[in-house]
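Colleague:
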Amino acid sequence: MKSFRRLSHAAYWDPRAEALLHLSIAVLAFTLILLNRSPNLLRPISMSLRTGFALVMLFVVALLYLAFRLPGGLGRLLALTLTLGLFALPLAGLWASGQTQPTLLSGLIPLYDAYDYYTDALRMLAGQDFSVFSARRPLFPGLLGVFLALTGRNLMMALAVFAALTGLACYLTAREIQRTHGAEAAVFALTMIFLFYRAHTGVTMSENLGVPLGTLGFALIWRGVAARSRWLMWIGLFATTLALNARAGPFFVLPLLIVWTGWFFRAGGSRIAWRELAISAAFVAAGFAINLVMVRLLASPSGVPFANFSYSLYGLASGGHHWHYVFEIHPEVLALQEPEQSGRIYQLAFELIRQQPALFVRGIFWNWGALFSDSWYNVYAYVGGENRTANLLARWGLYALCLLGIYRWLRNRSDAFNSLVIVSALGVFLSVPFLPPTDAFRMRPYAAGMIIFALLPAMGLVFLLERFGRGLFVRPADQLWGPRWTAGYTVLLMLMMLIGPLIVRAVGSTPPLPAVACAAGQDAIVIHYDPGTFINVHRQNEPFLDWMPDYHYSLFRLNAHSLVDPEFVLWLERINPPQTLFYTIDQRTLRKALVSTAPEALPQPGKWLELCGRWETDARLTSYDIFYADEARPLPPP
Numbered sequence: 015m016k017s018f019r020r021l022s023h024a025a026y027w028d029p030r031a032e033a034l035l036h037l038s039i040a041v042l043a044f045t046l047i048l049l050n051r052s053p054n055l056l057r058p059i060s061m062s063l064r065t066g067f068a069l070v071m072l073f074v075v076a077l078l079y080l081a082f083r084l085p086g087g088l089g090r091l092l093a094l095t096l097t098l099g100l101f102a103l104p105l106a107g108l109w110a111s112g113q114t115q116p117t118l119l120s121g122l123i124p125l126y127d128a129y130d131y132y133t134d135a136l137r138m139l140a141g142q143d144f145s146v147f148s149a150r151r152p153l154f155p156g157l158l159g160v161f162l163a164l165t166g167r168n169l170m171m172a173l174a175v176f177a178a179l180t181g182l183a184c185y186l187t188a189r190e191i192q193r194t195h196g197a198e199a200a201v202f203a204l205t206m207i208f209l210f211y212r213a214h215t216g217v218t219m220s221e222n223l224g225v226p227l228g229t230l231g232f233a234l235i236w237r238g239v240a241a242r243s244r245w246l247m248w249i250g251l252f253a254t255t256l257a258l259n260a261r262a263g264p265f266f267v268l269p270l271l272i273v274w275t276g277w278f279f280r281a282g283g284s285r286i287a288w289r290e291l292a293i294s295a296a297f298v299a300a301g302f303a304i305n306l307v308m309v310r311l312l313a314s315p316s317g318v319p320f321a322n323f324s325y326s327l328y329g330l331a332s333g334g335h336h337w338h339y340v341f342e343i344h345p346e347v348l349a350l351q352e353p354e355q356s357g358r359i360y361q362l363a364f365e366l367i368r369q370q371p372a373l374f375v376r377g378i379f380w381n382w383g384a385l386f387s388d389s390w391y392n393v394y395a396y397v398g399g400e401n402r403t404a405n406l407l408a409r410w411g412l413y414a415l416c417l418l419g420i421y422r423w424l425r426n427r428s429d430a431f432n433s434l435v436i437v438s439a440l441g442v443f444l445s446v447p448f449l450p451p452t453d454a455f456r457m458r459p460y461a462a463g464m465i466i467f468a469l470l471p472a473m474g475l476v477f478l479l480e481r482f483g484r485g486l487f488v489r490p491a492d493q494l495w496g497p498r499w500t501a502g503y504t505v506l507l508m509l510m511m512l513i514g515p516l517i518v519r520a521v522g523s524t525p526p527l528p529a530v531a532c533a534a535g536q537d538a539i540v541i542h543y544d545p546g547t548f549i550n551v552h553r554q555n556e557p558f559l560d561w562m563p564d565y566h567y568s569l570f571r572l573n574a575h576s577l578v579d580p581e582f583v584l585w586l587e588r589i590n591p592p593q594t595l596f597y598t599i600d601q602r603t604l605r606k607a608l609v610s611t612a613p614e615a616l617p618q619p620g621k622w623l624e625l626c627g628r629w630e631t632d633a634r635l636t637s638y639d640i641f642y643a644d645e646a647r648p649l650p651p652p
């Protein structure tokens, strides 16, 4: 008790100690939410916050607003704790419900792009190169590998770290917005980013890095405007560039921000500050150069950054088709390996543009139309829940606020913050033809620029408050978390992302591989059986509360129908419980494997094993690399 009083006394006099104390309490609350298995309160709230809207979000916004408006240390503690708790709840809801999504099975097991990122992170832990797939965007699997190394290869813990990092990034960004435009705009922007991110928390996809890093980058640019700090703005530009390399998105934002920076720092009668513009361009170029260096250091020599952009370009050139359209029209390119494959697709796309430019123009307007359509692909498709009326009201309300944000800028074009938002939104709009919303639902390709989608309507809200709510629009006078915290946190995250993977790969290794000891006719793989990577499917009559990693067969089977591949769904339905499922890699061949086995065949996690069994040979399922393990033989530790 005395030590706590001494710590509290030190925190009272030292803002840094106070901030660290508050952060520790908030992280503790975040952890307890994820560990909670009570069926009474947190479980239904967490499941509602994963997919719900309307009433639950109104309640959340009211709590956040009161906390952000509350002055003093208590307000700072409550706001931070509520923010991290808010980002923990959808992850807890995912693990409680066992929800299945296009790249996620039963709340944990990665599928498609997600299993490529995850298994490449495992390859890095083994000291091996990324595959050609992760060479396209190496920053996320690299950081995922770092978190796996730090958490004892525990995927659930690594995903929880990503959620906490994003929550803290959004809190710091909200404080920067609050400092200049009040708690209303800050909580609005925070809520908008949360509504986007909640569907991606717990999924091993690059949105988990694009959202926090892109948000932090923009927060530093925002603070750079407030303080007229060139260095804060340049660090923010660099972070934004890395965010767009980690999760490819609206790249046209970058050249417009470079020009805007030159405009903002102009002096005297000059129209642009050429020195600041040139340095801004250098920081952006450095971000792309570092990403290329990471590709060369971590990935297969044949890897090509952003190779999959060629697919989208062909879809655009052909009139607005999906990214996989090129493989339907030119199936022969499937047989090509990188870099020949992407090079050939680029060639086909440019030939099509030259031959039929009208199709290219039609594709541009098709993608812009999708952005404002009544579909999964509209600009605010992630804002809503199961009530269609509430979804429509929210969407049209956001459109109205966006128009008011533009109107506010037209009334006062000298407002640097509003012009920053308008220029960034224009960059997003120009990027849409080359980043089709239809290539992924609910605006997933725009994760790194999601802060822009939040700030444009926030400026409209500011306009309304300036005109009609002057008594409410009050900025608290007490000290907030300063820009040093935001800058320091951003730099620390970037260092972990750029240096951490090189260290992990350098020290990565595998144990001496024994001679195959399986019976004749059996296949053998060597794996590291990791904690927090598997689910157990149980018989229906077993009494327990469904929660990661244990689910009843009926819930598992019901959730499996959210997948789009009917053959894989049928395979999942045929699973005979009890059964354990998890993805891993064979250390002998580095081939990924979806292991299916009886739970009693496995020891406690954290061991090297040789699995004896057989690979699935059905051509309709071979892409999943299913391995049926009949026996697990522990290996001696390396």
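Numbering (my numbering), first residue to last: 15 to 652.
Quick reminder that beta carbons are idealized off the backbone N, C-alpha and C, glycines included.
The structure presented is a predicted model; accordingly, all values stated were derived computationally and were not measured.
Who are Cys-416's beta bridge partners in DSSP?
Modeller: Partner(s): none; Cys-416 has no beta bridge.
Colleague: Do Phe-320 and Ala-262 have their beta-carbon atoms positioned less than 8 Å apart in this structure?
Modeller: Cβ atoms of Ala-262 and Phe-320: closer than 8 Å.
Colleague: Would you check if there are 3 or more beta carbon pairs closer than 8 Å linking the stretch 126-137 to the stretch 212-225?
Modeller: Verdict: yes, contact present.
Colleague: Taking the alpha carbon of Phe-265 as the point to measure from, which residue in Leu-84, Pro-53, Ala-439 and Ala-646 has its own alpha carbon closest?
Modeller: When each option's Cα is compared against that of Phe-265, the closest is Ala-439.
Colleague: Any idea if Glu-190 is buried or exposed, counting beta-carbon neighbours within 10 angstroms, 16 or more meaning buried?
Modeller: Burial call: buried.
Colleague: Inspect the beta-carbon positions of Val-5 and Ile-359 and report whether they are closer than 8 Å.
Modeller: What the structure shows of the chain is the stretch from 15 to 652, and residue 5 is not part of that stretch, so it cannot be assessed.
Colleague: Using a Cβ distance threshold of 8 Å, determine whether the stretch 545-556 contacts the stretch 160-173, with at least three qualifying pairs required.
Modeller: These segments touch.
Colleague: Excluding the 5 residues flanking His-336 on each side, which residues of the same chain have their C-beta closer than 8 Å to its C-beta?
Modeller: If we look at His-336 and ignore the five residues flanking it on each side, its Cβ neighbours are Gly-329, Pro-450, Thr-452 and Asp-453.
Colleague: Kindly identify the DSSP beta-bridge partner or partners of Val-41.
Modeller: According to DSSP, which records beta bridges pairwise, Val-41 is partnered with nothing at all.
Colleague: Just mark Asp-632 as buried or exposed, buried being the case when its beta carbon has 16 or more other beta carbons within 10 Å.
Modeller: Exposed, because fewer than 16 other Cβ atoms sit within 10 Å of the Cβ of Asp-632.
Colleague: With a threshold of 6 Å on Cβ separation, who are the neighbours of Asn-550 within its own chain once the five nearest residues in sequence on each side are excluded?
Modeller: Answer for Asn-550: Pro-563, Asp-564, Thr-594 and Pro-613, listed in chain order.
Colleague: Tell me which residue opens and which closes the beta strand (DSSP E) that Ala-643 is part of.
Modeller: It spans 640-648 - the beta strand (DSSP E) in which Ala-643 sits, taken as one unbroken run.
Colleague: By how many angstroms is the C-alpha of Trp-410 removed from the C-alpha of Tyr-211?
Modeller: Approximately 21 Å between the Cα atoms of the pair.
Colleague: Would Gly-435 and Gly-419 qualify as a contact pair, given that the criterion is a beta-carbon distance under 8 Å?
Modeller: For the record, residue 435 in the displayed sequence is Val; it is not Gly. Taking 8 Å as the Cβ cut-off, Val-435 and Gly-419 qualify as a contacting pair.
Colleague: Output the distance between the C-alpha atoms of Gln-601 and Ile-539, rounded to the nearest integer angstrom.
Modeller: Answer to the nearest angstrom: the Cα atoms are 7 Å apart.
Colleague: Please classify Trp-658 as buried or exposed, where buried requires at least 16 other C-beta atoms within 10 Å of its C-beta.
Modeller: Nothing can be reported for residue 658, as the shown portion of the chain is limited to 15 through 652.
Colleague: Looking only at its own chain, which residues have a Cβ that is under 6 Å from the Cβ of Ala-93, when we skip the five neighbours before and after it?
Modeller: Cβ within range, chain order: Ala-81 and Phe-82.
Colleague: Output the distance between the C-alpha atoms of Ala-430 and Ala-233, rounded to the nearest integer angstrom.
Modeller: Straight-line Cα distance between these residues: approximately 14 Å.
Colleague: Extract the residue ranges of the alpha helix (DSSP H) inside the stretch 420-461, only unbroken runs of 4 or more that lie entirely within it.
Modeller: Whole alpha helix (DSSP H) segments, 4+ residues: 430-445.
Colleague: Which same chain residues end up closer than 6 Å to Glu-290 when comparing Cβ atoms and leaving out the 5 residues on each side of it in sequence?
Modeller: Same-chain partners within the cutoff: Thr-275, Gly-276 and Phe-279.
Colleague: Could you check if Asp-134 is buried or exposed, using at least 16 other CB atoms within 10 Å of its CB as the buried criterion?
Modeller: Buried, by the Cβ-count rule.
Colleague: Can you tell me which residues form a DSSP beta bridge with His-36?
Modeller: In the DSSP output, where bridge partners are listed per residue, His-36 has none listed.
Colleague: For Thr-603, count the other beta carbons within 10 Å of its own beta carbon; 16 or more makes it buried, fewer makes it exposed. Which is it?
Modeller: Label assigned to Thr-603: exposed.
Colleague: Should Ala-110 be labelled buried (16 or more other beta-carbon atoms within 10 Å of its own) or exposed?
Modeller: That one is buried.
Colleague: For Met-138, which residues in the same chain have their Cβ closer than 8 Å to its Cβ, ignoring the five residues on either side in sequence?
Modeller: Excluding sequence neighbours, Met-138 sits near Phe-144, Pro-155, Gly-156, Gly-159, Leu-312, Pro-515, Val-518, Arg-519 and Gly-522.
Colleague: For Pro-447, which of Leu-268, Phe-323, Ala-33 and Phe-641 has the nearest alpha-carbon?
Modeller: Per the Cα distances, Phe-323.
Colleague: Contact defined as beta carbons within less than 8 Å: I believe Glu-624 pairs with Arg-605. What is the distance between those atoms, to the nearest angstrom?
Modeller: Wrong, their Cβ atoms sit about 15 Å apart, outside the cutoff.
Colleague: Report yes if the CB atom of Ile-207 is closer than 8 Å to the CB atom of Ile-465, and no otherwise.
Modeller: Yes, the pair counts as a contact, with Cβ atoms nearer than the cut-off.
Colleague: Would DSSP call Asp-564 helix, strand or coil?
Modeller: Asp-564 falls in the strand class under three-state DSSP.
Colleague: For Leu-649, which residues in the same chain have their Cβ closer than 8 Å to its Cβ, ignoring the five residues on either side in sequence?
Modeller: Here the set comprises Pro-525, Pro-528, Val-540, Lys-621, Trp-622, Leu-623 and Glu-624.
Colleague: Taking the continuous beta strand (DSSP E) assigned at Leu-623, which residues delimit it?
Modeller: First-last of the beta strand (DSSP E) with Leu-623: 621-629.
Colleague: Assign Tyr-695 to one of three DSSP states: helix, strand, or coil.
Modeller: Coverage of the chain is limited to positions 15 through 652, which leaves residue 695 absent and any answer about it impossible.
Colleague: Thinking C-beta only, is Ala-395 closer than 8 Å to Arg-456?
Modeller: Against a cut-off of 8 Å, the Cβ pair of Ala-395 and Arg-456 comes out as a contact.
Colleague: How about Phe-67 and Ala-404: are their beta carbons less than 8 Å apart?
Modeller: Yes; because the gap between Cβ atoms is below 8 Å, this pair is in contact.
Colleague: Would you decide whether Leu-49 is buried or exposed? Buried here means 16 or more other CB atoms lie within 10 Å of its CB.
Modeller: Exposed, by the Cβ-count rule.
Colleague: Whose CA, out of Pro-371, Leu-78 and Ala-43, lies closest to the CA of Gly-99?
Modeller: When only C-alpha atoms are compared, the closest one is Ala-43.
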